[in-house]
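Scroll down for the structure; my scribbles are underneath it.
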Amino acid sequence: MRRLDAIADRYQARRDTSDVRAAIRLSPGAEWSWTAPHAREQFAVASTTKLVTAALALSAVDRGLLRLDTAAMHVLGRAALDGLHVRRGLDARPEITVERLLNHSTGIADYFADRGNDGRVLQRDLLAADQSWDARSAIDRMRGVRPHGRPGARLAHYSDTNYRLLELILEEVEGETFADLVRTRITEPLGLGATFLLTPETLDRVGDLAPLKAGTEPLVVPRALASAGADGSLVSTVDDLLALSDALFGARLFSRELLERATSDWRWMLVPPGRYGLGIMRVRFNDARAPRLLPPLVGHSGITGAVLFHSPDEGITIAAGVNQFAKPALGYRFMAELVSAALR
1 MRRLDAIADR YQARRDTSDV RAAIRLSPGA EWSWTAPHAR EQFAVASTTK
51 LVTAALALSA VDRGLLRLDT AAMHVLGRAA LDGLHVRRGL DARPEITVER
101 LLNHSTGIAD YFADRGNDGR VLQRDLLAAD QSWDARSAID RMRGVRPHGR
151 PGARLAHYSD TNYRLLELIL EEVEGETFAD LVRTRITEPL GLGATFLLTP
201 ETLDRVGDLA PLKAGTEPLV VPRALASAGA DGSLVSTVDD LLALSDALFG
251 ARLFSRELLE RATSDWRWML VPPGRYGLGI MRVRFNDARA PRLLPPLVGH
301 SGITGAVLFH SPDEGITIAA GVNQFAKPAL GYRFMAELVS AALR
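If you number the sequence shown the way full-length UniProt numbering does, the last residue is 344 and the count never jumps.
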């Protein structure tokens with residue numbers, strides 16, 4: 001385990017990381033964890049939240065509240081999708097289904113990383129000033145924006161807008177707020193006592209979280225962290241994330257049949273690079289110490305440098321965070337080095 005400690009020490013010593021932490025489970029009873037001295041245990045996991053959102057959606061499918069082919073407009077109404085996918089004069093809103101929202105094959109533009117109808121890119125603006133928004137305002141800023149291809153295309157276009165639509169769909173069919181769904185269906189049943197959805201109502205807890213950096217500078221954006229909802233407002237710890245992964249890939253949150261579907265029909269995705277199933281990413285990296293590929297990993301990452309991935313082939317699960325907003329590849333590099341060392 002000294003090799004793993006040395007890697008974590010090196011990443012913590014960098015000027016562009018903050019409160020580095022990681023945990024690895026190799027097999028029952030064989031675990032390693034590391035947290036920077038004096039670090040705050042809880043951290044913003046950003047888009048790793050999408051694993052929870054997908055689990056809630058697939059649970060709703062299991063219970064008959066939704067179907068994968070349910071059109072979003074049949075739950076939210078036609079007006080909710082107005083202007084989100086008009087291409088060459090054709091309105092594709094009837095083709096926006098739960099399954100396509102989950103696997104990012106709607107073609108709807110990303111309210112966070114793409115240029116909105118106001119001419120601005122939210123991801124860039126946050127480097128200058130904190131902002132707040134909600135699901136409806138996030139969706140509204142993409143009305144009239146050119147979509148990225150047709151719904152159902154084999155090349156996925158990652159879009160946070162898809163998961164804000166899923167948030168509204170889940171709230172409609174479940175009759176609860178998304179934050180309450182996370183609590184009643186995920187964190188309480190699994191005993192994840194340090195995991196919760198950061199919202200404007202719980203903003204007073206942001207001081208308990210690991211601080212973020214953008215490059216080498218501090219990034220203080222509490223309102224933004226509390227605004228991402230179903231696409232990225234989860235707060236957790238590496239220990240809780242390992243338990244979440246066990247439940248997710250152990251088919252304890254929804255049926256094994258849906259788990260197999262979520263992890264079998266992979267679409268290629270360019271940004272972030274890899275493949276995408278139903279709310280689950282599949283990535284593969286070069287071994288840092290040998291001329292070979294590491295085994296495929298399934299899970300999710302977040303823009304804060306958070307990662308939660310599992311290798312079905314090797315039985316290894318890793319949760320980690322470097323708390324860096326402006327270098328999304330840094331969390332991947334940290335994970336790849338740790339997995340490479342752990343499998344030696």
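Positions of the beta carbon are idealized from the N, C-alpha and C atoms, including for glycine.
These figures come from a predicted structure and were not determined experimentally.
Q) Looking at C-beta atoms only, is the number of pairs between the segment 93-100 and the segment 285-296 that lie closer than 8 Å three or more? A) Contact between the segment 93-100 and the segment 285-296 is absent: fewer than three C-beta pairs spanning the two stretches fall below 8 Å.
Q: Alpha carbon to alpha carbon, how far is E201 from A179? Give it in angstroms, no decimals.
A: Looking up residue 179 in the sequence shown gives position 179. Looking up residue 201 in the sequence shown gives position 201. C-alpha separation (whole angstroms): 10 Å.
Q) Under a three-way DSSP split, which group does E174 fall into? A) Here the question's residue 174 lines up with position 174 in the sequence shown. Three-state result, E174: helix.
Q | Cα-Cα separation between A262 and A57, rounded to whole angstroms | A | Residue numbering aside, residue 262 sits at position 262 when the sequence shown is read from its first letter. Residue numbering aside, residue 57 sits at position 57 when the sequence shown is read from its first letter. Their backbone Cα atoms lie some 11 Å apart in a straight line.
Q | Residue burial classification, A13 (beta-carbon count within 10 angstroms, cutoff 16) | A | To locate residue 13, count along the sequence shown from 1; it is residue 13. By the beta-carbon neighbour count (other beta carbons within 10 angstroms, threshold 16), A13 is exposed.
Q.
By alpha-carbon positions, which one of D204, V298 and L190 ends up nearest to L253?
A. Working through the sequence shown from its first residue, we reach residue 253 at position 253. Nearest option by C-alpha distance: L190.
Q. Counting pairs of Cβ atoms below 8 Å between the segment 98-105 and the segment 48-65, do you hit three or more?
A. As far as the Cβ criterion goes, the segment 98-105 touches the segment 48-65, which means the pair count is three or higher.
Q: Report the residue from I24, L170 and A129 whose alpha carbon sits nearest the alpha carbon of M73.
A: The sequence position of residue 73 within the sequence shown is 73, counting from 1. The shortest C-alpha separation from M73 is found at L170.
Q. If you draw a straight line from the C-alpha of G215 to the C-alpha of L209, how long is it?
A. Here residue 215 is taken as the residue at index 215 of the sequence shown, counted from 1. Here residue 209 is taken as the residue at index 209 of the sequence shown, counted from 1. Rounded to whole angstroms, G215 to L209 spans 18 Å at the Cα level.
Q: Can you have a look at G321 and say buried or exposed, based on whether 16 or more other CB atoms are within 10 angstroms of its CB?
A: Stepping through the sequence shown from its first residue, residue 321 is reached at position 321. Burial call: buried.
Q. Thinking C-beta only, is L308 closer than 8 Å to A319?
A. Here residue 319 is taken as the residue at index 319 of the sequence shown, counted from 1. Here residue 308 is taken as the residue at index 308 of the sequence shown, counted from 1. Their beta carbons are under 8 Å apart, which means A319 touches L308 by this criterion.
Q: Check whether the segment 65-84 touches the segment 118-126, counting contact only when three or more Cβ pairs, one atom from each stretch, lie closer than 8 Å.
A: These segments do not touch.
(Q) Residues in the same chain with beta-carbon distance under 8 Å from R282, minus the five sequence neighbours each way, listed in chain order, please. (A) In the sequence shown, the residue the question calls residue 282 occupies position 282. The residues are T263, W266, G274, R275, Y276, P296, L297 and V298.
**Q.** Separation of P151 from H85, as counted between CA atoms
**A.** Taking the sequence shown and counting its residues from 1, the one referred to as residue 85 is at position 85. Taking the sequence shown and counting its residues from 1, the one referred to as residue 151 is at position 151. One C-alpha to the other measures close to 9 Å.
**Q.** CB of G279 within 8 Å of CB of L65, strictly
**A.** Position 279 of the sequence shown holds residue 279. Position 65 of the sequence shown holds residue 65. No, the Cβ-Cβ distance between G279 and L65 is not below 8 Å.
(Q) Quick test of the definition: if touching needs 3 or more C-beta pairs under 8 Å, does the segment 151-163 touch the segment 4-18? (A) Cβ pair count under 8 Å is below three, so no.
Q: Measure the alpha-carbon distance for D110 versus L258 and round it to whole angstroms.
A: Against the sequence shown, residue 110 aligns to sequence position 110. Against the sequence shown, residue 258 aligns to sequence position 258. If you draw a straight line from the Cα of D110 to the Cα of L258, it comes to about 26 Å.
**Q.** Cβ shell of W32 (< 6 Å), same chain only, five flanking positions each side left out
**A.** What you label residue 32 is simply residue 32 of the sequence shown in a count that begins at 1. Excluding five sequence positions before and after W32, the CB atoms of its chain that fall closer than 6 Å to its own CB belong to M1, L4 and I24, given in chain order.
Q) Exposed or buried, W133, counting other C-beta atoms within 10 Å across all chains shown (16 or more means buried)? A) For the purposes of this step, residue 133 is identified with residue 133 of the sequence shown, where counting begins at 1. Burial call: buried.
**Q.** Simplified DSSP assignment, three categories, for M73
**A.** Taking the sequence shown and counting its residues from 1, one reaches residue 73 at position 73. Helix at M73.
Q) With respect to the alpha helix (DSSP H) encompassing P222, which residues constitute its N-terminal and C-terminal limits? A) Here the question's residue 222 lines up with position 222 in the sequence shown. In the DSSP annotation of this structure, the continuous segment of the alpha helix (DSSP H) that includes P222 starts and ends at P222 to L225.
Q.
I need the boundaries of the beta strand (DSSP E) containing S340, first residue and last residue.
A. The residue labelled residue 340 in the question sits at position 340 within the sequence shown. For S340, there is no enclosing beta strand (DSSP E); the enclosing alpha helix (DSSP H) covers residues A329 to A342.
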